[in-house]
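Report on one structure; see the data block that follows.
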Amino acid sequence: MPYEDAKKYRFNPFDITKVWPHKDYPLIELGKLVLNRNPKNFFAEVEQSAFSPGNTVPGIEFSPDKMLQDRIFAYADADRYKLGVNYTDIPVNKPLTSGSNNYYQDCLMKTTVNSNSDVNYEPNSLEGPVESIFTKRTQYSVSGEVDNNEYENHSVMIMITFKLENFTE
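So the sequence shown is numbered by the UniProt record's numbering: it starts at 1 and just counts up by one.
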């Protein structure tokens, strides 16, 4: 849903209790997740795995959904607590192509040797890391009033309509 459509949609599309009607915005198939083997080492491949909705690729942006915003922060924070600050260096959490792409150096529980002694901050004058143009996010405006309001129970009809339209045999 384009952000401009979200501003004038008939209900708040970022309310997690609502489901967008598929006739207005059909589902888009992104691909398949194929689980084709059991883990060889359950602890190393399952117990130490860390997933976060904050890990995205260029072109995928976050919506202003408040639950998603909380999870973007909380998942990585929980992973740091559970697995340690360098959880991105654990083999199951590294990208397959080039390892973890960060500039961490000499920190608690560092699991790898520093690859070099270059600077790890930006801005710098030593041709070190620079901010990527791909990390720029789309700006959107936020407006409204903050208040305690009575609960509007119109979501029941939205869910009934959704089920009737999408789950009939």
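Positions of the beta carbon are idealized from the N, C-alpha and C atoms, including for glycine.
For THR56, the closest alpha carbon among the candidates LEU126, PRO95, ASP118 and GLY128 is that of PRO95. Beta-carbon to beta-carbon, HIS22 and ASN166 are separated by about 6 Å, close enough to satisfy the 8 Å threshold. For ARG37, the closest C-alpha among the options LYS163, ALA50 and VAL46 is that of VAL46. Remark: C-beta atoms of VAL92 and GLN139 do not approach each other more closely than 8 Å. Contact between ASP79 and ALA50 holds, with the beta-carbon distance rounding to 4 Å and staying under 8 Å. Beyond the five residues adjoining it in sequence on each side, PHE11 comes within less than 6 Å, by CB distance, of LYS18 in the same chain, given in chain order. In this chain, the alpha helix (DSSP H) harbouring TYR75 covers 66 to 83. For ALA6, the enclosing alpha helix (DSSP H) has its first and last residue at 3 to 7. By the criterion of a C-beta distance shorter than 8 Å, MET159 is surrounded in its chain by VAL19, once the five residues flanking it on both sides are discounted. Proximity to SER52 across ASN41, ILE28 and TYR87 peaks at TYR87, based on C-alpha coordinates. In this structure, DSSP gives ILE158 a helical state, which the three-state scheme calls helix. In this structure, the alpha-carbon of LEU33 lies about 15 Å from that of PRO39.
When only Cα atoms are considered, PRO129 and LYS163 end up about 50 Å apart. At the C-beta level, ASP65 and ILE16 come within 8 Å of one another.
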